[in-house]
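Peer 1: In the UniProt record's numbering, the protein residues as written are 1 to 317.
#1: Mind pulling the alpha helix (DSSP H) runs of 4 or more residues that sit fully within the region 87–171?
#2: Which whole-angstrom value describes the C-beta separation of residue 181 and residue 140, a residue pair presumed to lie in contact below a C-beta threshold of 8 Å?
#3: In angstroms, rounded to a whole number, what distance separates the CA positions of residue 315 and residue 36?
#4: Please state whether the Cβ-Cβ distance between residue 21 and residue 275 is less than 8 Å.
#5: Going by beta carbon distance, what residues of the same chain come within less than 7 Å of residue 88, once the five residues before and after it are set aside?
#6: For a quick check, are the C-beta atoms of residue 132 and residue 245 less than 8 Å apart?
#7: In whole angstroms, what separates the C-alpha of residue 190 from that of residue 312?
#8: Residues in the same chain with beta-carbon distance under 7 Å from residue 322, minus the five sequence neighbours each way, listed in chain order, please.
#9: My assumption, with CB atoms under 8 Å, is that residue 109 sits in contact with residue 44. Please give the rounded CB distance.
#10: Per DSSP, which residues does residue 317 bridge with? Please list them.
#11: For residue 94 and residue 288, I'd like the C-alpha separation in whole angstroms.
#12: On a Cα-Cα basis, can you pick out the residue from 317, 209, 77 that is closest to residue 135?
#13: From which residue to which residue does the beta strand (DSSP E) around residue 69 run?
#14: According to DSSP, simplified to helix, strand and coil, what is residue 79?
#15: Taking the C-alpha atoms as reference points, what is the distance between residue 251 and residue 187?
#16: Between 152, 30, 23, which has its C-alpha nearest residue 101's C-alpha?
#17: Is DSSP giving residue 36 helix, strand or coil here?
#18: Would you call the CB atoms of residue 145 and residue 179 closer than 8 Å?
#19: Among 223, 215, 294, 103, whose alpha-carbon lies nearest the alpha-carbon of residue 205?
#20: Note the first and the last residue of the continuous beta strand (DSSP E) segment covering residue 24.
#21: Does residue 291 come out as helix, strand or coil in the three-state DSSP assignment?
#22: Between the Cα of residue 60 and those of 78, 33, 185, spot the shortest distance and give me the residue it belongs to.
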């Protein structure tokens with residue numbers, strides 16, 4: 001499909017039917033996961049006839065997201081949807097945007113509630129956090145030391161998942177011990193170095209959980225190089241394309257995610273609907289996405305999906 005919407009770099013829309021609205025979408029950064037989100041956002045822009053301005057911040061520093069938001073404000077977009085790198089840091093600039101009449105929603109990672117109308121979440125955070133620990137427990141026989149690799153220590157969504165990961169471990173897996181939580185800044189090289197350091201620092205490590213897409217493949221690569229397949233298990237959030245080889249080779253056991261493309265699609269559709277005065281409702285059907293759930297001011301897209309060596313080849317993203 002020809003791309004009618006904005007490029008990630010300059011926000012200039014290609015030729016398309018006259019848009020009803022201009023919607024700005026801000027991811028945390030540029031990586032494989034957010035590239036697929038962008039594809040879904042672009043498809044939605046085409047389907048519902050809006051202009052998409054997709055603005056990628058220069059880094060995971062919240063200041064770079066603030067600059068991307070200000071750029072969209074200067075371009076007089078009608079709505080901004082942001083995946084927040086920091087829940088507090090973006091509040092002032094989003095408040096300024098709201099004063100200009102711009103509708104604000106969050107997706108993937110939330111801000112403080114006063115900064116936006118609602119939050120588009122991929123899955124229920126409690127369900128996901130508990131499920132991630134379950135997948136690790138199944139892989140390591142429910143006992144032993146494990147570590148968590150997170151993208152950022154300040155990201156609201158990841159901290160919420162970690163809270164429920166800890167709760168699940170405490171309630172159901174008393175013989176498992178969390179030894180460290182390490183940030184990776186969503187950078188593959190930093191994630192790889194962090195994984196190698198975990199293996200070196202914790203000789204009795206039995207498992208690693210990654211809660212951002214670069215973590216599990218980095219951990220699996222470190223396990224592969226350490227010839228530790230069968231001794232150290234790797235699970236967590238990542239795409240099937242990043243994890244396929246490691247799953248087949250036994251250096252990772254389970255990858256969990258949702259459809260990033262559907263997330264991008266849903267975000268743009270709900271932003272347009274908000275501009276039309278339509279608020280989401282529970283069990284609302286959304287074309288190409290499915291029925292969504294609404295819990296207060298949080299929209300939940302669906303349930304988590306596991307990829308293993310047995311089914312990973314059925315997916316391509």
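Glycine is no exception: its CB is placed at the ideal position from the N, C-alpha and C atoms.
Peer 2: Taking the structure as given:
#1: 91–99, 125–140
#2: For this step, residue 181 is matched to residue 181 along the chain shown. For this step, residue 140 is matched to residue 140 along the chain shown. Their Cβ separation, rounded to whole angstroms, is 17 Å, which puts residue 181 and residue 140 out of contact at 8 Å.
#3: Looking up residue 315 in the chain shown gives position 315. Looking up residue 36 in the chain shown gives position 36. Each residue's alpha carbon lies about 13 Å from the other.
#4: Reading the chain shown from its first residue, position 21 is the one you call residue 21. Reading the chain shown from its first residue, position 275 is the one you call residue 275. Contact: yes.
#5: Locating residue 88 in the chain shown gives position 88, where the first residue counts as 1. Taken in chain order, the residues that qualify are 112.
#6: Reading the chain shown from its first residue, position 132 is the one you call residue 132. Reading the chain shown from its first residue, position 245 is the one you call residue 245. Not a contact, by the Cβ cut-off of 8 Å.
#7: If you number the chain shown from 1, residue 190 lands on position 190. If you number the chain shown from 1, residue 312 lands on position 312. The alpha-carbon atoms of residue 190 and residue 312 are separated by roughly 26 Å.
#8: The question about residue 322 has no answer here: the residues shown for the chain are numbered 1 through 317.
#9: Taking the first residue of the chain shown as position 1, residue 109 is located at position 109. Taking the first residue of the chain shown as position 1, residue 44 is located at position 44. That pair is no contact at about 19 Å.
#10: Here residue 317 refers to the residue found at position 317 of the chain shown. Per DSSP, none; premise fails for residue 317.
#11: Counting from one through the chain shown, the residue named residue 94 turns up at place 94. Counting from one through the chain shown, the residue named residue 288 turns up at place 288. Roughly 29 Å separates the two Cα atoms.
#12: Taking the first residue of the chain shown as position 1, residue 135 is located at position 135. Measuring from the Cα of residue 135, the nearest candidate turns out to be 209.
#13: Taking the first residue of the chain shown as 1, we reach residue 69 at position 69. Residue 69 -> not in any beta strand (DSSP E); alpha helix (DSSP H) instead, spanning 62–74.
#14: What you label residue 79 is simply residue 79 of the chain shown in a count that begins at 1. Three-state DSSP puts residue 79 in a strand.
#15: Looking up residue 251 in the chain shown gives position 251. Looking up residue 187 in the chain shown gives position 187. In a straight line, the C-alpha of residue 251 is about 20 Å away from that of residue 187.
#16: Here residue 101 refers to the residue found at position 101 when the chain shown is read from its first residue. With distances taken between Cα atoms, residue 101 lies closest to 23.
#17: Position 36 of the chain shown, counted from the first residue, corresponds to residue 36. If DSSP states are grouped into helix, strand and coil, residue 36 belongs with the helices.
#18: In the chain shown, the residue the question calls residue 145 occupies position 145. In the chain shown, the residue the question calls residue 179 occupies position 179. Taking 8 Å as the Cβ cut-off, residue 145 and residue 179 qualify as a contacting pair.
#19: Here residue 205 refers to the residue found at position 205 of the chain shown. Among 223, 215, 294, 103, the Cα nearest to that of residue 205 belongs to 223.
#20: Along the chain shown, read from residue 1 onward, the residue named residue 24 stands at position 24. Element bounds for residue 24: 22–26.
#21: As a position in the chain shown, residue 291 is number 291, starting the count at 1. Residue 291: strand per DSSP, three-state reduction.
#22: For the purposes of this step, residue 60 is identified with residue 60 of the chain shown, where counting begins at 1. Per the Cα distances, 185.
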